[in-house]
Amino acid sequence: MIVDLISLEKSVLDFDYSFLPESIDLEGEEAKLKNTVKVQGKLTKGIVQITVSGEIFAEIEIECTRCLQPIEQKLHVPFRTEFITAENYTAAKEAELQANDLDAAVFEGDKIDLTELVREQILLNLPEQIFCKEDCRGLCDQCSANRNLIDCNCNNKEIDPRWAALKNLK
Ligand SMILES: [Zn+2]
Ligand SMILES: [Zn+2]
8 MIVDLISLEK SVLDFDYSFL PESIDLEGEE AKLKNTVKVQ GKLTKGIVQI
58 TVSGEIFAEI EIECTRCLQP IEQKLHVPFR TEFITAENYT AAKEAELQAN
108 DLDAAVFEGD KIDLTELVRE QILLNLPEQI FCKEDCRGLC DQCSANRNLI
158 DCNCNNKEID PRWAALKNLK
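This is how it looks when you write it as structure tokens:
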């Protein structure tokens, strides 16, 4: 989804777009999109910068950090990005924009690629750690069995002290 800034007549553009999951490439990431990604927001054209803000709603499938089983997860990402044209960037910096304005993306040309913006925001907001359940037992480090499903007995001799403590509670 490309917004052409030249043909933009109004200084504020409200948008409400849906992206097909295959139109957003999460590359080699361990997450994939399950459903249409919805993006609502507005684009405000200023003198030296363009502000794009809004919310992204996505459904992703991501691997459990411990046992690598797929988990479905809803993602809600509020975002605000400033775009500054290269020619204005130095001037804008000199004008000492506020701290959060300084992570503005510099762009050249007259178009903003919203698909790319959405892709970046999703990647930035993927959970670093996620568990299929609080007490996921993960994979056996010896035989790789999913220890939620199978008791492989590899670690029979050395019981993890945390599990031992739990046993005593019962
Ligand atoms: Zn798990
Ligand atoms: Zn094992």
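Each residue of the sequence shown is one higher than the one before, counting from 8 in the numbering used here.
Ideal Cβ positions, reconstructed from N, Cα and C, are used throughout, including at glycine.
These numbers were taken from a predicted model, which means no experiment stands behind them.
Under the three-state reduction of DSSP, which class applies to residue i: helix, strand or coil?
i    : result
R87  : strand
T58  : strand
P28  : helix
A93  : helix
F138 : coil
K41  : coil
Quick one: does the C-beta of residue i sit closer than 7 Å to a heavy atom of ligand 1?
i    : result
Q76  : yes
R154 : no
C71  : yes
Is there at least one non-hydrogen atom of ligand 3 closer than 7 Å to the beta-carbon of residue i?
i    : result
C139 : What this structure holds is ligand 1 and ligand 2, not ligand 3.
Whose C-beta lies closer than 8 Å to the C-beta of residue i among residues of the same chain, with five residues either side of it excluded?
i    : result
C159 : C147, Q149, C150 and A152
I31  : L40, V44, T122, V125, R126 and I129
Along the chain, where does the alpha helix (DSSP H) that runs through residue i open and close?
i    : result
L124 : L121 to L131
Going by the C-beta, is residue i closer than 7 Å to any heavy atom of ligand 2?
i    : result
C159 : yes
C143 : no
Q128 : no
Q149 : yes
Considering only residues of the same chain and omitting the five flanking positions on each side of residue i, which have a CB-CB separation below 7 Å?
i   : result
K81 : E66
G88 : It should be noted that the sequence gives Thr, not Gly, for residue 88. Once the five neighbours on either side are set aside, the close Cβ partners of T88 are V59, A112 and L124.
S18 : T51 and K52
If you follow the beta strand (DSSP E) that residue i is part of, which residue opens it and which one closes it?
i   : result
G48 : V44 to K52
Looking only at its chain, what residues have a beta carbon closer than 6 Å to the beta carbon of residue i, apart from the 5 residues adjacent to it on each side?
i    : result
K118 : I9 and D11
State whether the region 42-52 contacts the region 63-72, with contact taken as three or more CB pairs (one from each stretch) at a distance under 8 Å. yes
When the Cβ atoms of the region 82-99 are set against those of the region 16-35, are three or more pairs found closer than 8 Å? no
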